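J.: My questions will all concern the structure given below.
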Amino acid sequence: MKNYKLIRLGLYFGFLFFVATACLKDETIDYTPEREQGMLSEYLARLVSKGHNVDTTAAGVFYVPVEAGQGEMPKAGDTLSVIYYGFLITGEVFDASVWHSQDSLYTFVYKGVEMIEGWDDMMKYMNKGRKVECIIPSDLAYGAEGVPGVIPPFSTIVFAMKMKDIKPVAAQ
């Protein structure tokens, strides 16, 4: 009887091991600038085909205006409060302001902390209340290195963001 239970237990764990290893795919994706450019072109074309207006900053950040804001654009030294969700162009969320603070805001001093170039560039276009979908190619984000385990190399990243507040440097 004991042998029967051991055999049955062995078969059970063998089956679990088989299922677990079968579910692990050996997908080696070749992350290249060409792959990224193709995915970015498709993503932008999809936005346009859905009737979205895609604009571009001077630095090369693409964005879709969602809500207009009001007031002045931020200046170096201003304290900005932003709500954002960051995701890969493939849809996987990698970061969100709601993960980091109780009020869901990411608050920082504009030009006072090091940011990826694309994020920093987009802030120039964000007055209070403005909401955009910001599409940042890898050369303005994490480049050929990516962020190991989070953002693959040569990955365009997207931020859905809203400027909640701008506190001018003089008013602080």
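Counting with this note's numbering, you get residues 1313 to 1484 for the letters of the sequence shown. Idealized CB from N, CA, C, for every residue including glycine. These numbers come from a predicted model, not from an experiment.
Looking at G1458: is its Cβ nearer than 8 Å to the Cβ of P1449?
T.: no
J.: For I1341, is the classification buried or exposed, using 16 other Cβ atoms within 10 angstroms of its Cβ as the cut-off for buried?
T.: exposed
J.: Are the beta-carbon atoms of V1470 and E1429 separated by less than 8 Å?
T.: no
J.: Compare the Cα-Cα distances from H1364 to each of G1372, Y1355 and A1371 and report the closest residue.
T.: Y1355
J.: Decide if the segment 1364-1373 is in contact with the segment 1416-1435; the criterion is three or more beta carbon pairs, one per stretch, under 8 Å apart.
T.: yes
J.: Out of curiosity, what's the CA-to-CA distance linking P1460 and V1378?
T.: 31 Å
J.: Starting from L1392, follow the beta strand (DSSP E) in both directions and report where the run begins and ends.
T.: T1391 to L1400
J.: Starting from the C-beta of A1472, find all residues in its chain whose C-beta is less than 6 Å away, skip the five residues before and the five after it, and write them out in chain order.
T.: Y1397 and E1445
J.: With a threshold of 6 Å on Cβ separation, who are the neighbours of V1421 within its own chain once the five nearest residues in sequence on each side are excluded?
T.: T1391
J.: Is the beta carbon of I1463 within less than 7 Å of some heavy atom of the ligand SAM?
T.: In the structure on display, the ligand SAM does not appear, and there are no ligands present to speak of.
J.: Take A1456 and list the residues in its own chain whose beta-carbon comes closer than 7 Å to its own, dropping the five residues that flank it on each side.
T.: P1465 and F1466
J.: Judging by CA-CA distance, which residue of K1479, K1476 and M1351 is the nearest neighbour of G1403?
T.: Nearest option by C-alpha distance: M1351.
J.: May I ask which residues mark the beginning and end of the beta strand (DSSP E) holding M1473?
T.: Where M1473 is concerned, the enclosing beta strand (DSSP E) stretches over I1469 to K1479.
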